[in-house]
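Position in the sequence shown (from 1) plus 23 gives the number in the numbering used here. What follows is a single structure, written as structure tokens, with notes after it.
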Amino acid sequence: MTHFARLTRDGLVPETSRPDPARVLRGDPVHTAWPLEDRDGLYCGLWQSTPGAWRVSYSEWEYCHILSGLSVLTEDGKAPVTLRAGDSIVIRPGFSGIWEVVETTLKDYVIRL
Numbered sequence: 024m025t026h027f028a029r030l031t032r033d034g035l036v037p038e039t040s041r042p043d044p045a046r047v048l049r050g051d052p053v054h055t056a057w058p059l060e061d062r063d064g065l066y067c068g069l070w071q072s073t074p075g076a077w078r079v080s081y082s083e084w085e086y087c088h089i090l091s092g093l094s095v096l097t098e099d100g101k102a103p104v105t106l107r108a109g110d111s112i113v114i115r116p117g118f119s120g121i122w123e124v125v126e127t128t129l130k131d132y133v134i135r136l
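And the structure:
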């Protein structure tokens with residue numbers, strides 16, 4: 024086993040899902056994930072979503088870097104934050120709000136439970 028891996032979709036099996044319909048506010052967002060790592064409470068890979076908006080609630084830490092597209096992340100009671108290619112963010116446990124994909128968005132992510 025090598026001790027590093029290049030984060031790319033090449034050779035990874037995509038997983039397709041949708042948010043829980045009870046959480047969807049607009050559209051019919053389709054999520055595609057290309058998971059690279061899943062061990063000891065650490066997950067990383069690539070994630071893409073088509074346009075739509077849904078409620079989110081985080082109990083984990085997530086770092087993500089937007090590779091393409093346009094999304095708006097709005098924490099409950101706070102101003103919306105626009106995310107574009109090149110932006111990196113950390114979402115902390117306890118975050119609740121709305122993730123809206125305006126233009127199909129691709130990000131890489133690292134999640135720690």
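Just so it is clear, CB atoms sit at the ideal spot from N, CA and C, and this is done for glycine as well. These numbers come from a predicted model, not from an experiment.
Y66 and V104 have their C-alpha atoms some 24 Å from each other. Taking C-beta atoms under 8 Å as the contact rule, S80 and S119 qualify, at a distance of about 5 Å. For G50, the CB contacts under 6 Å within the same chain, skipping 5 residues up- and downstream, are P74 and G75 in chain order.
Counting along the chain, the unbroken beta strand (DSSP E) around G50 starts and ends at V47 to G50.
Per DSSP, the continuous beta strand (DSSP E) segment holding D61 begins and ends at H54 to R62. Note on V36: under 16 other CB atoms within 10 angstroms of its CB, so exposed under the neighbour-count rule. Straight through space, the alpha carbons of G100 and V133 are spaced by roughly 26 Å.
When beta bridges are read from the DSSP output, H26 appears opposite no residue. Under the three-pair Cβ rule at 8 Å, the stretch 51-58 does not count as touching the stretch 78-98.
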